[in-house]
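Per my numbering, the very first residue in the sequence shown carries number 70; after that it's consecutive. Every residue, glycine too, gets a C-beta built ideally from N, C-alpha and C. Computed from a predicted model, the values in this text were never measured in an experiment.
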Amino acid sequence: MIVRPAQQGDIPILVSMGAAMHAESRYAALPFDARKVSESLLKMTQMDAFCVLVAGDPVLGMIIAFCEEIWWSSAKESWDMVFYVKPQARGSSAAARLLKAYVAWAKRRGVQEIKIGFGTAVREDATASFYGKMGFERLFSGFVLREKALCAVAA
C-alpha cells in the first residue's frame, strides 16, 4: 500500500473521510463544515509545517500533522491533528504505514518529540494498543469542559 503526500485532487475524498470521522466521533453533535475543511486542507497541503499524507489507491486513510517550536524552547515537536482510516481498511497495513511515514516526516524536520492522540474517542483501547505497538508511550490524559459546564464555571 502506497503512502504519499496529499495533492489538491485528493481534497474531496479527504473532506468525505473527515465527515465520516466526525460522524463516528464524540464530535458528532457539533456541526461539520465541509467548505472550511476543504479550504483548510488546501492551505495545509501547501505549507511545509504541515504533513498531509494519504494511504492507498483509492485512498483508504489519512494523517494530518504539524511541527513547530515548543513555546518555551527552540526545540521542535510534532502533533497529529487527524488520523483516520476507513472502517473497511482498519486492520490492514494502512494505519501503520501512515504512522511510519508521519514519523519519518517529523524526523526530517528535526523534531525532538512526536505526539499523537485520539480525542475522537473512537475505539480508544484498540487505538492505544496500536500506538503502543508502534513504539509510542502514553503521555497524558485529556479533560474537556462542555458547553453546559462552561456556563456553570463562568458564573
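Put simply, the segment 98-106 does not touch the segment 152-168. Fewer than three CB pairs are less than 8 Å apart. With contacts defined as CB atoms closer than 8 Å, residue 80 and residue 111 qualify as a contacting pair. CA-to-CA, the gap between residue 113 and residue 120 works out to about 8 Å. DSSP, reduced to helix, strand and coil, places residue 183 within a strand of the structure shown. Looking only at 153, 135 and 102, the smallest Cα-Cα distance to residue 94 is reached by 153.
In the DSSP assignment, residue 131 forms a beta bridge with 123 and 153. The alpha-carbon of residue 148 is positioned some 13 Å away from that of residue 209.
From the listed residues 183, 171 and 211, the smallest Cα separation to residue 130 is found for 171.
Straight across, the Cα-Cα distance linking residue 82 with residue 198 is about 28 Å. Residue 72 and residue 155 have their C-alpha atoms some 15 Å from each other.
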